[in-house]
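Written below as C-alpha cells is the structure these notes are about.
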Amino acid sequence: MPKTRVSGKASTGTNKTSKNGKGSRTPAAVTEDGKELFDPEKAQEEYNKRKKSQLESIKNTSADVLREMLYQMVLGRHFEQKCAEVYRIGKIGGFCHLYIGQEAISIGTQLQLEPRDFVITSYRDHVQAMVQGIAPEAVLAELYGRAGGNVGGKGGSMHMFSKEKNFYGGHGIVGGQIGVGTGMAFAQKYKESGGVTLCFFGEAAVNQGIFHESLNMAGLWNLPCIYICENNRYGMGTSQERAMSISSIAKKAESYGIAGEFVDGMDVMEVREATARAIERARSESRPTLLEIRAYRYMGHSMSDPGKYRSTDEIKRYQERDPIVLFKDSLKEAGVLDGKDFEKIDAEALAKVQEAVDFAENSPLPDESELLTDVYK
Ligand SMILES: Cc1ncc(C[n+]2csc(CCOP(=O)(O)OP(=O)(O)O)c2C)c(N)n1
Ligand SMILES: [Mg+2]
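At the far end of the sequence shown sits residue 482, using our numbering, and the numbering has no gaps.
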C-alpha cells in the first residue's frame, strides 16, 4: 500500500443539488421526507440501482484512488473488530464507540480533502482519525492509554486529536463539536486560507440547540463549513423516530437558507460525489452545506450497550446492504479489482492491524510527570 495518501478530486456526479441544495436521488427504501421503513424488496431494487450509479462514478475515478478507498474501508472494519476483541479482554478501559457499518461516510468524505482542510467529529472517531492520516498504531495505543498514543494516552477512545493532520477531535459532548467546527470554518474564512471544515455529528445531535445556532451563523456569515450528519438511526437506545418531530434532517437546511442533501451512506461513491459538491460550494462560494448521510451502526452504541432496543433481524437486514460488499461488487463488475486483489487488500489491512496491536502492547504507560501537562491549571 502506498504510504502517502491518494486523494484525487472526486467528480461531482450527475446528481446535482437544486438551488436550495436538495438532492434529486432519493433511495427507494426511504421516502422523500426521509421516513424509512425497511422493505427488503425495495432495498434490493435500490441496491441494483445504486450499483449502476456506482459503476458510472467508478469509471470517472482513478484505479489508485478506488483501491485506496477500499483499503481504508477494509482497514477501518478490521481495526474496529480488533478494538471490540481487545476491549472484551480488558485491554481498553472506559467508553469505546465503534464505527462498523458507517465506513463509507468517513472514506467517501475525507479522502478528497486537501492539507488546508479541517476535520472535527464526535466520540465515534477512530476510523475518521486514521483516514485523516493518524497512524493506526497511534490510534490503538491511544485506546490502550499508552504513551505512544496520538495524544500521549491521555485522551483515550473519545478524544483522538492531531494538530499536524488538522484533526480537531474527538468530542464527548453531543453536538459540542458543531459550534467548535463552525468557529474553525470562521477562522478559515477570516484568514483566507481557502480551506473547508468537515464537521461530523450524529442525528441525535441535531436536537441540540447548538446545531441550529451554528447553521444559522454559517448561513448568515457564509462559512465554508460542511455539516455531516451521520444518521445511523439511533442515539444510544433511542430511535430517531422517537426523538425527532420530523424525519428528514437534510430538510432542516432550508430553515437557514443553506444547501442540504440526503445521501445514501451505504454507497461510498454517492457519499464521495455529494461531498465533492459540498466542497466545491464551500471553496468557490464560501457557502455551507448540510449533508444527511444515512447509514447504520452494526454494533451497540458503545461496548457496554446491551442492545435491547432493536432486533438482530433489523441488524441483519442492514448488513445485507453492507457498504464494503456493495463497493467490492461494483469494483469487480467494473473490472477495476478482482477476488485476488480483495484478498491482498484484506491481508494488508490485517497485517496493519496486527502492527497496531504490537505497537500498543509494547508502548509504555504515560510517565507520571505527564499527569499535569496539557491541562488547564
Ligand atoms: C450534551 C450531552 N447529552 C447527553 C449525552 C449522553 N450521550 C452520549 S452519546 C448520546 C447519543 C448520541 O447519538 P448520535 O448523536 O446519534 O450519535 P451516535 O452515537 O449515533 O454516533 C448521548 C445522548 C452527552 N454525551 N452529551
Ligand atoms: Mg445516531
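Backbone N, C-alpha and C define an ideal beta-carbon position, used for all residues, glycine too.
Here the structure is a predicted model, which is why all the values come from computation and not from measurement.
- Task: Name the one or two DSSP bridge partners that L396 has.
- Result: For the purposes of this step, residue 396 is taken as residue 291 along the sequence shown, with counting starting at 1. DSSP lists I333 and E366 as partners of L396.
- Which of helix, strand or coil DSSP assigns to T478: If you number the sequence shown from 1, residue 478 lands on position 373. Coil.
- Query: For the segment 206-276, which segments carrying the beta strand (DSSP E) assignment without a break, of at least 3 residues, lie completely within its bounds, in sequence order?
  - Reply: If we require 3 residues or more, the beta strand (DSSP E) runs fully inside the segment 206-276 come out as 223-227 and 272-276.
- Task: Verify whether the separation of the beta carbon atoms of S435 and F306 is less than 8 Å.
- Result: As a working mapping, residue 435 is identified with position 330 in the sequence shown. As a working mapping, residue 306 is identified with position 201 in the sequence shown. No. Outside cutoff.
- Just the residues with CB closer than 5 Å to a heavy atom of ligand 1, in chain order, which are they? R229, I278, V279, G307, E308, A309, A310, N337, G340 and M341
- Task: Whole angstroms is fine: what's the gap from V224's alpha carbon to K413's?
- Result: Position 119 of the sequence shown, counted from the start, is the residue given in the question as residue 224. Position 308 of the sequence shown, counted from the start, is the residue given in the question as residue 413. Rounded to the nearest angstrom, the two C-alpha atoms are 33 Å apart.
- Message: Among K147, S468, H406 and L431, whose alpha-carbon lies nearest the alpha-carbon of V179?
- Response: For the purposes of this step, residue 179 is taken as residue 74 along the sequence shown, with counting starting at 1. Answer by Cα proximity: L431.
- Query: Taking the alpha-carbon positions, what's the R377 to C304 distance?
  - Reply: By one-based count along the sequence shown, residue 377 stands at place 272. By one-based count along the sequence shown, residue 304 stands at place 199. Answer to the nearest angstrom: the Cα atoms are 15 Å apart.
- Query: Quick one: what's G340 bridged to in DSSP?
  - Reply: As a working mapping, residue 340 is identified with position 235 in the sequence shown. BP columns for G340 point to T343.
- Query: Can you check whether the CB of A465 is closer than 8 Å to the CB of A234?
  - Reply: Sequence index remark: in the sequence shown, residue 234 carries index 129 (1-based). Sequence index remark: in the sequence shown, residue 465 carries index 360 (1-based). No, these two residues do not count as a Cβ contact at 8 Å.
- N-terminal and C-terminal residue of the beta strand (DSSP E) that C304 is part of: Working through the sequence shown from its first residue, we reach residue 304 at position 199. C304: member of the beta strand (DSSP E) spanning T302 to G307, first to last residue.
- Query: Is the Cβ-Cβ distance between G370 and Q207 less than 8 Å?
  - Reply: Sequence index remark: in the sequence shown, residue 370 carries index 265 (1-based). Sequence index remark: in the sequence shown, residue 207 carries index 102 (1-based). In this structure, Q207 lies closer than 8 Å to G370 by Cβ.
- V462 versus E359 - alpha carbon distance: If you number the sequence shown from 1, residue 462 lands on position 357. If you number the sequence shown from 1, residue 359 lands on position 254. Cα-Cα distance, rounded: 46 Å.
- Nearest to L477 (by Cα), restricted to the options G257, A383, S407 and A189: Along the sequence shown, read from residue 1 onward, the residue named residue 477 stands at position 372. For the residues G257, A383, S407 and A189, the minimum Cα distance to L477 belongs to G257.
- With a CB to CB cut of under 6 Å and the five nearest residues on each side skipped, what residues in its chain are close to M408? On the sequence shown, position 303 is the one that residue 408 refers to. Same-chain partners within the cutoff: Y192 and C201.
- C188 and L248: beta carbons closer than 8 Å? By 1-based counting over the sequence shown, the position of residue 188 is 83. By 1-based counting over the sequence shown, the position of residue 248 is 143. Going by C-beta atoms, C188 is nearer than 8 Å to L248.
- First and last residue of the alpha helix (DSSP H) that includes T117? Position 12 of the sequence shown, counted from the first residue, corresponds to residue 117. Following the DSSP letters along the chain, one finds T117 in no alpha helix (DSSP H), marked with neither H nor E.
- Three-state secondary structure (DSSP) at S162? Within the sequence shown, residue 162 is the residue found at index 57, counting from 1. Note: S162 maps to helix in three-state DSSP.
- Item | Close beta carbons around L160, own chain, < 7 Å, minus the five adjacent residues each side | Against the sequence shown, residue 160 aligns to sequence position 55. The answer, listed in chain order, is S435, E438 and A439.
- Task: Tell me whether the beta-carbon of Q345 lies closer than 8 Å to the beta-carbon of S352.
- Result: Position 240 of the sequence shown, counted from the first residue, corresponds to residue 345. Position 247 of the sequence shown, counted from the first residue, corresponds to residue 352. Result yes, Cβ atoms of Q345 and S352 sit closer than 8 Å.
- For G488, count neighbouring Cβ atoms within 10 angstroms of its own Cβ and tell me buried if that reaches 16, exposed if not. Nothing in the structure corresponds to residue 488, since the chain is present only between 106 and 482.
- Message: Counting C-beta neighbours from all protein chains within 10 Å, is the total for A452 16 or more, i.e. buried, or is it exposed?
- Response: Residue numbering aside, residue 452 sits at position 347 when the sequence shown is read from its first letter. Flag for A452 reads exposed.
- Cβ-based burial, T417 [other Cβ within 10 Å; buried from 16]: Taking the sequence shown and counting its residues from 1, one reaches residue 417 at position 312. Burial call: exposed.
- Message: As a quick exercise: from K357, K356, R402 and T166, pick the residue whose alpha carbon is nearest that of E335.
- Response: Taking the first residue of the sequence shown as 1, we reach residue 335 at position 230. Ranking K357, K356, R402 and T166 by Cα distance to E335 puts R402 first.
- Three-state secondary structure (DSSP) of A439: Residue mapping note: residue 439 aligns to position 334 of the sequence shown, counting from 1. Of the three classes helix, strand and coil, the one that applies to A439 here is coil, per DSSP.
- Message: Going by beta-carbon coordinates alone, are T214 and T394 separated by less than 8 Å?
- Response: Working through the sequence shown from its first residue, we reach residue 214 at position 109. Working through the sequence shown from its first residue, we reach residue 394 at position 289. No.
- Task: Look at the alpha carbon of E150 and the alpha carbon of R426, and state the distance between them as a whole number of angstroms.
- Result: Translated into positions along the sequence shown, residue 150 becomes position 45. Translated into positions along the sequence shown, residue 426 becomes position 321. E150 and R426: Cα-Cα distance of roughly 11 Å.
- Message: One question on the structure: do I283 and A243 come within less than 8 Å of each other, judged by their Cβ atoms?
- Response: The residue you call residue 283 lines up with position 178 of the sequence shown. The residue you call residue 243 lines up with position 138 of the sequence shown. Not a contact, by the Cβ cut-off of 8 Å.
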